[in-house]
Amino acid sequence: MSGPVDVGNNSSRRFAIVGLAILGVLALVAAMAPLLAPYDPSDRVGRPFASPSAEHLLGTNDVGHDLLSELIYGSRISLLVGIVAALAATIIGAAVGLLAGYLRGWVDTALMRFVDVVLALPVLPLTIVIGVFAGPGLITQILVISAVIWAGVARELRAQVLSLREHDHIQALRAMGAGASHVLPRHVLPAVAPLLVPQFVLATKAAILLEASLSFLGLGDATAKSWGAMLSIAHARSAFLTDAWLWWVIPPGLAIAITVMAFALLGYAFEERARPSLRDRVPPRSAVAVAAEPPNLDAPPLAIDKLTVEYRSDRSVVTAVDEVSLTVGPGELVGLVGASGSGKSTVAAAAIGLVPPAATLSGGAVSVQGRDLATLSGDELRALRGDRIALVPQEAMSALNPVRTVRAQLVEAIRAHRAVPRAAARARADELFELVGLDPQRAGKYPHQFSGGMCQRVVIAMALANDPAVVIADEPTSGLDPLIEVEVLELLNELRRRLHLALLVVSHDLNVVERIADRIAVMQDGRIVEVGPAARVLAEPAHPYTRGLVNAVPRLTTAEASR
Ligand code: ADP
Ligand code: MG
């Protein structure tokens, strides 16, 4: 594990070290101010406007306060206001960014409009207006400063969440029926957490600068003087007209500059480190339980009726799926084949009600056990996914969390929809392990300790965790070598027989489905051009495209072809 100071490359490591060293000294000075300061900064300990001397190293101000003591105590106020305001801004900004990026839709639009407005306003005039309106004081300063800097954090976080949202593991969670209240705190927040550190550090930098500006304008606390407040008084007492600016203006000015620089160095170093880790990080997966109404067992497990899906952009409309109809009965295995780009994955995604953000369902319907997905609420749909209908993801490895044992992930999948005790879920996980032909003894291992074929078995077990009626497998054997591929296909075939599953297997490869499918549907350019019993489609393909596919498949024996 890497600590917070372990930054990516050499230059960012140097930045971090310098920044931390300066801030360490500052923190010490602030903490030990009573010991370090020669006088109480609010006592009149010398004559007014004294030049530096052995008694007053930085001289005194207009009323005889010791300037060195003010400088030392000032660090407390500047750091306090900066850190508290930055903390508040980071929390607010992160919450807004997470919600907007994850929920999207009108929530996103409304929140981001507001963020844009805040970002578009000129910060300093805005701060001054609010500051004057609210009156001077530390609390006012903190409120005003956090009110103007949270928006930047929100925008940054939203951008990260938007990209994270489309990652395989988050998609897998949503496919399992996980809701925002589960995914956000447990999966999205931990993944973007590394980014919050630089956001906070950079917000502190901005806050300290704003505090100085506000105090300089007289909006600070007159009794607890920050560096900005020292400058303000120096200015008001015309320090520039005499030599006094040398010891009255330069030290607090330098203190502000050095502090801001230290936070900036540290912030950039952290940011550099956080970005790659954000990309690589894979949070754990799980879902949430919502009570579902009883299914209609007479209806087909999966019925797709004249489904039409379009991808719309500013310039074009691509009809990826064009009036596709397909049903899968109980215990039936239907193979959906077609060239890459023919729309198979879009059908598979629509079947679990999870089309990509760019897609529009422009016609038709998908029903699972008689329930039309379009009529379900978001919660009902989530309750259905992973419970009645499950997805076997394409890339098993990327759908599994590398830092959790496979048993933990299975347990999570089970408990997502069933409020069973952990021990019962563990027993069920072992059962599922055996069901897919894995040794339960190995359940305590991590995904990287498994081969590709074994990982595929694990994700199949996860799909089966809650006894779904329908399982959709989109290219379930891509990336596996041919022997393992056959094993996984045989497993799927055996499972649907034993569990009476409705299984839709999607593949670009006729070879894959012909060995197990009862029926085969052939897609070309978004349409199903042919559908029928597997043996018939293979022996007497009716459509020229199917004939091409069948002839392109190398066969070992004719017996193999007629299976
Ligand atoms: P398949 O799984 O058969 O390869 P897809 O369903 O992935 O096909 O894609 C079908 C069509 O939809 C393709 O023409 C593809 O270019 C288009 N398409 C897929 N995903 C998107 C997307 N996110 N945005 C725009 N077009 C897409
Ligand atoms: Mg595909």
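Just so we're aligned, residue 9 is where the sequence shown starts under the numbering used here, counting upward by one.
Virtual Cβ for every residue (Gly too), placed ideally from N, Cα, C.
- Message: Using only the alpha-carbon positions, how far apart do G185 and L389 sit?
- Response: For G185 and L389, the distance between alpha carbons rounds to 7 Å.
- Query: Candidates Y81, V530 and R415: which alpha carbon is nearest L557's?
  - Reply: Per the C-alpha coordinates, the member of Y81, V530 and R415 positioned closest to L557 is V530.
- Task: Name the two residues that bound the continuous beta strand (DSSP E) containing E331.
- Result: Taken as a continuous stretch (DSSP letters only), the beta strand (DSSP E) holding E331 covers V325 to V336.
- Task: Helix, strand or coil for P401, going by three-state DSSP, please let me know.
- Result: Three-state result, P401: coil.
- Query: What do you get for T250, buried or exposed, if any count of 16 or more other CB atoms within 10 angstroms of its CB means buried?
  - Reply: Classification of T250: exposed, given that the 10 Å Cβ count is below 16.
- Task: Starting from the C-beta of P364, find all residues in its chain whose C-beta is less than 7 Å away, skip the five residues before and the five after it, and write them out in chain order.
- Result: A357.
- Going by alpha carbons, who is nearest to R55 out of V71, G394 and L65? The candidate whose alpha carbon is nearest that of R55 is V71.
- Message: Which residues end up in the neighbourhood of the ligand ADP when you take C-beta atoms closer than 5 Å to any of its heavy atoms?
- Response: Having a Cβ closer than 5 Å to some heavy atom of the ligand ADP are Y319, A328, S348, G349, S350, G351, K352, S353, T354, P364 and A366.
- How would you write the range of the alpha helix (DSSP H) that I492 sits in, first residue to last? For I492, the enclosing alpha helix (DSSP H) begins and ends at P490 to L507.
- If you count every other CB in all the chains shown that lies within 10 Å of the CB of M40, and 16 or more means buried, which is it? Under this definition M40 is an exposed residue.
- Task: Step through the CB atoms of chain B and report whether any lies within less than 9 Å of the CB of A510.
- Result: Of the protein chains in this structure there is only one, and it is not chain B.
- Message: So, under 8 Å CB-CB, A367 and T383 are touching, yes? Tell me the CB distance rounded to an integer number of Å.
- Response: No, A367 and T383 are not in contact; Cβ-Cβ is about 19 Å, not under 8 Å.
- Paired residues, beta bridge with Y319 - DSSP: Y319 is bridged to V326 and A367.
- Please classify S515: does DSSP put it in a helix, a strand, or coil? Correct three-state label for S515: strand.
- Query: Would you call the CB atoms of A328 and V317 closer than 9 Å?
  - Reply: Taking the C-beta atoms as reference points, V317 is found nearer than 9 Å to A328.
- Using the Cα positions of P437 and I422, report the straight-line distance between them to the nearest angstrom. Before going on, a small fix: residue 437 reads as Ala here, not Pro. Taking the straight line from one Cα to the other gives about 8 Å.
- Check whether the stretch 168-178 touches the stretch 249-263, counting contact only when three or more Cβ pairs, one atom from each stretch, lie closer than 8 Å. Fewer than three pairs of CB atoms, one per stretch, sit closer than 8 Å, so the stretch 168-178 makes no contact with the stretch 249-263.
- According to DSSP, is D288 helix, strand or coil? The predicted position of D288 is uncertain, since its pLDDT is 40 and thus under 50; a value taken from the coordinates is nonetheless stated next. D288 carries a helical assignment under DSSP once its states are collapsed to helix, strand and coil.
- Message: Is E388 a contact residue of the ligand MG, with contact defined as CB to any heavy atom under 8 Å?
- Response: No, the ligand MG has no heavy atom inside 8 Å of this Cβ.
- Message: Do A481 and H425 have their beta-carbon atoms positioned less than 9 Å apart in this structure?
- Response: Cβ atoms of H425 and A481: not closer than 9 Å.
- Item | Any non-hydrogen atom of the ligand MG closer than 8 Å to D482 Cβ | Yes.
- Message: Can you give me the C-alpha to C-alpha distance between G90 and A96, rounded to a whole angstrom?
- Response: If you take the alpha carbons of G90 and A96, they lie about 10 Å apart.
- Message: Measuring only from the beta carbon, is H516 closer than 8 Å to any heavy atom that is part of the ligand MG?
- Response: Inclusion of H516 in the 8 Å shell around the ligand MG follows from its C-beta lying nearer than that to a non-hydrogen atom of the ligand.
- Message: I need the straight-line Cα distance from P448 to E493, nearest angstrom please.
- Response: Each residue's alpha carbon lies about 22 Å from the other.
- Message: Ignoring anything shorter than 4 residues, give me the alpha helix (DSSP H) runs that lie fully in the stretch 245-269, in order along the chain.
- Response: Qualifying alpha helix (DSSP H) stretches, in chain order: 253-256.
- Query: Across which residues does DSSP place I528 in a beta bridge pair?
  - Reply: Beta-bridge partners assigned by DSSP to I528: G343 and G540.
- Message: Taking a contact to mean a Cβ-Cβ separation below 9 Å, would you say L210 touches A272 in this structure?
- Response: Yes, the pair counts as a contact, with Cβ atoms nearer than the cut-off.
- Query: With 16 as the cutoff for other CB atoms within 10 Å, does R578 come out buried or exposed?
  - Reply: Because the chain here runs from 9 to 571, residue 578 falls outside it and cannot be looked at.
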